[in-house]
Amino acid sequence: MSKKTESLKEIDIEIKLTPDHRKKIAQLLEDSPDRFLDARDFVSRALDVFLTWEKDPFNSMTKMAEMEPTMKQFQCMSMMMNPQQLKEMHPDFPEVWGSKWKEFLEKNPIQISESSTSQKQHDARKSEKDFERIQENMLDANNFLREIKFDDVIDEKLEQIQYDQWPLISTFYSRFFPAKIGVITLAEMMRKQKSPIVDFEEFKIKAYDIAEEIARKMIPFEKEKGKKRSQKKSTGLPKPYDLEETTGLQSIKEQRYKDRYFGKVTKSKESNEINLDGLLSALGLVKVFSKNKDTTITLTEKGKKFCLFDNPVFKGKVDESLSKDESEFIVTNCIPQRPVQHQIVKRVIKIVSETDFNKTPDMVDDLDEVCRMAIQDMADSDKLGEYAVKIQRDVLDKSKEILKSNKVIDDKILEINDDEKEVRNLKKMKKQTPVESIRIATMGRLSELGVVHWHINEGGRSEYTIEDKKLAESVSK
4 MSKKTESLKE
14 IDIEIKLTPD
24 HRKKIAQLLE
34 DSPDRFLDAR
44 DFVSRALDVF
54 LTWEKDPFNS
64 MTKMAEMEPT
74 MKQFQCMSMM
84 MNPQQLKEMH
94 PDFPEVWGSK
104 WKEFLEKNPI
114 QISESSTSQK
124 QHDARKSEKD
134 FERIQENMLD
144 ANNFLREIKF
154 DDVIDEKLEQ
164 IQYDQWPLIS
174 TFYSRFFPAK
184 IGVITLAEMM
194 RKQKSPIVDF
204 EEFKIKAYDI
214 AEEIARKMIP
224 FEKEKGKKRS
234 QKKSTGLPKP
244 YDLEETTGLQ
254 SIKEQRYKDR
264 YFGKVTKSKE
274 SNEINLDGLL
284 SALGLVKVFS
294 KNKDTTITLT
304 EKGKKFCLFD
314 NPVFKGKVDE
324 SLSKDESEFI
334 VTNCIPQRPV
344 QHQIVKRVIK
354 IVSETDFNKT
364 PDMVDDLDEV
374 CRMAIQDMAD
384 SDKLGEYAVK
394 IQRDVLDKSK
404 EILKSNKVID
414 DKILEINDDE
424 KEVRNLKKMK
434 KQTPVESIRI
444 ATMGRLSELG
454 VVHWHINEGG
464 RSEYTIEDKK
474 LAESVSK
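Numbered by the numbering used here, the letters in the sequence shown go through residues 4 to 480 in order.
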């Protein structure tokens with residue numbers, strides 16, 4: 004008899020749980036009566052997950068995603084995973100929990116050790132006037148940069164980590180101004196340390212601190228002036244935090260912001276490759292080197308040029324986030340690096356330029372269709388390589404699926420139009436499509452750059468006109 008046959012025979016014999024396991028499972032079933040049918044269901048699911056981990060570890064996360072997470076599980080994953088990966092794993096969470104999610108985080112703060120990144124961020128917040136010190140040292144920092152050839156800068160002890168070349172600028176990066184904060188902060192750290200290479204985590208902590216200090220200046224100014232949502236330059240900055248202790252919710256927000264705007268080293272689930280995510284790398288402004296737990300960062304030549312442009316905020320103005328030179332640089336040097344995003348921007352500007360009176364009641368719908376067609380044309384071309392399938396699946400097909408679901412909800416709303424409460428509940432069930440998210444982020448950034456003027460009319464609908472014709476024309480070159 005083979006060992007395999009003997010093993011199968013042993014498995015046929017009923018396996019008894021230890022008293023401790025039985026007690027813990029019973030308690031779990033009592034605490035979460037709707038999560039599992041019974042003890043057998045729990046054991047079956049547990050075995051299913053563990054067998055996948057043992058036999059096919061690369062698909063273990065997919066297996067785990069088949070079951071809805073608890074709030075505690077989602078909190079844990081939020082701390083460990085890249086936000087975009089977590090969203091792909093559980094696309095409906097935490098939104099389905101509504102206000103209960105925020106209440107949970109407030110009641111269950113994550114314990115933060117003194118040496119943690121969050122504690123270091125909290126300590127950095129205690130140091131005031133860091134923004135003013137950067138302003139004072141900018142001339143010296145810029146002079147330091149001018150002497151460096153960043154194409155030649157490498158960290159010989161570590162390996163360079165590349166951006167994964169995703170052809171879109173992520174919708175998580177709602178504005179470009181944080182990139183300017185990042186490169187200026189990096190330049191100041193280089194000047195202070197007299198080195199073109201600095202520690203990556205220290206940089207992220209410092210850059211977040213500067214972004215928060217700027218927000219403390221911008222937000223009160225905008226409130227005082229009664230700035231509308233379309234006019235606010237503080238969009239894209241972190242909300243200032245004033246409590247003595249850093250809560251779990253705040254810790255998650257800080258880490259998410261730093262990862263999205265200043266960068267994070269990640270491992271691809273599909274290819275197992277190590278990549279660099281974040282706005283700075285998407286725009287081609289930085290280089291990062293990493294090995295094991297050591298990670299450093301420097302500028303690229305493109306990042307150096309962007310840093311050396313004068314910036315209105317760092318010159319003392321709070322009603323303007325980017326200069327014309329900075330906007331033109333982003334439009335002509337950074338956006339074209341992301342081919343799908345570049346096509347979207349070109350077509351969006353074209354339709355805004357050609358629309359009668361530059362606005363129609365259906366402009367948002369027209370812009371969605373323009374974005375969708377730009378993405379579809381690029382996905383159908385041979386220019387995207389391995390990303391064509393992912394864009395088709397995660398952006399185009401997903402949008403089509405959500406639109407179909409939203410149409411069903413709209414039809415139900417028409418049937419019960421007289422029940423206001425039910426109509427409100429149904430409207431909450433509608434989801435934003437990936438294409439809509441891309442359109443919203445694109446138009447917000449074009450408004451920030453001064454390419455288009457964004458106006459919200461009395462009916463609450465967004466209208467757009469070309470604000471800088473020369474800048475708009477430079478996109479198509």
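Backbone N, C-alpha and C fix where the C-beta goes; we use that ideal spot for every residue, glycine too.
Residue range of the unbroken beta strand (DSSP E) whose run includes Ile300: Asp297 to Leu302
Spatially closest choice to Ser271 from Asp167, Ser330 and Ala210, by CA coordinates: Asp167
Cα-Cα separation, Ser121 to Thr445: Going from the Cα of Ser121 to the Cα of Thr445 covers about 31 Å.
One or two residues paired with Asn460 in a DSSP bridge: None; Asn460 has no bridge partner.
Assigned secondary structure, Gln258 (DSSP; H/G/I helix, E/B strand, else coil): helix
Between the CA atoms of Leu89 and Asn3 - distance to the nearest angstrom: For residue 3 there is no data in the structure shown, the boundaries of the chain being 4 and 480.
Ile164 vs Ser293 beta-carbon contact at 8 Å: yes
Option in Gln435, Ile352 and Ser173 with minimal Cα separation from Glu98: Gln435
Integer-rounded CB distance, given that Lys267 should sit under 8 Å from Gly251: At roughly 19 Å, the Cβ-Cβ gap does not stay under 8 Å, so Gly251 and Lys267 are not in contact.
Alpha carbon of Glu131 to alpha carbon of Lys415, nearest angstrom: 54 Å
Alpha-carbon spacing of Leu495 relative to Gly239, whole angstroms: The shown model of the chain, from 4 to 480, leaves out residue 495, and the question about it has no answer.
Within 8 Å, strictly: CB atoms of Phe180 and Ser324: yes
Coil, strand or helix - Asp368 by DSSP: Asp368 falls in the helix class under three-state DSSP.
Three-state secondary structure (DSSP) of Glu346: According to the sequence as given, residue 346 is Gln; it is not Glu. Here Gln346 sits in helix by DSSP.
Span of the alpha helix (DSSP H), counted from its first residue to its last, around Phe292: Segment Val289 to Lys294 is the beta strand (DSSP E) holding Phe292; no alpha helix (DSSP H) there.
Per DSSP, cross-strand counterpart(s) of Asn278: Thr269
Under the three-state DSSP convention, the category Asp202 falls into: Residue state, collapsed to three classes: strand.
Cα-Cα separation, Val382 to Arg464: First, the residue type needs correcting, since residue 382 is Ala and not Val in the sequence shown. The straight-line gap from Cα to Cα measures roughly 30 Å.
Close beta carbons around Glu331, own chain, < 8 Å, minus the five adjacent residues each side: Leu474 and Ser477
As assigned by DSSP and simplified to three states, the class of Val2: Given that the chain is displayed from residue 4 to residue 480, the structure contains no residue 2 and the question cannot be resolved.
Which of helix, strand or coil DSSP assigns to Gln163: strand
Burial state of Leu449 (16 or more Cβ within 10 Å): buried
For Glu470, the three-state DSSP class (helix, strand or coil): coil
Touching by the beta-carbon criterion (3+ pairs, under 8 Å), the region 73-86 and the region 258-266: yes
Whether His93 touches Phe77 by CB criterion (8 Å): Inclusion of His93 and Phe77 in the CB contact set at 8 Å is warranted, their separation being smaller than that value.
Length at least 4, wholly inside the region 136-199: the alpha helix (DSSP H) runs in chain order: 180-196
Reference Pro86, options Arg375, Arg263 and Ile172, closest by Cα: Arg263
Beta-carbon proximity of Phe153 to Lys307, cut-off 8 Å: At a Cβ-Cβ threshold of 8 Å, Phe153 and Lys307 count as neighbours.
Candidates Glu109, Gly319 and Thr298: closest to Thr249 by CA position: Glu109
Where the alpha helix (DSSP H) through Tyr390 begins and ends: Tyr390 to Ile394
Asn145 vs Ala182 beta-carbon contact at 8 Å: No, the Cβ-Cβ distance between Asn145 and Ala182 is not below 8 Å.
Val454 in three-state terms, based on DSSP: coil
Spatially closest choice to Val291 from Glu71, Arg43, Trp100 and Glu162, by CA coordinates: Glu162
Contact between the region 381-397 and the region 405-422 (3+ Cβ pairs under 8 Å): Inter-segment contact for the region 381-397 and the region 405-422 is absent: fewer than three beta-carbon pairs are separated by less than 8 Å.
Unbroken stretches of the alpha helix (DSSP H), 4 residues or longer, contained in the region 41-115: 42-58, 63-67, 74-83, 86-92 and 102-110
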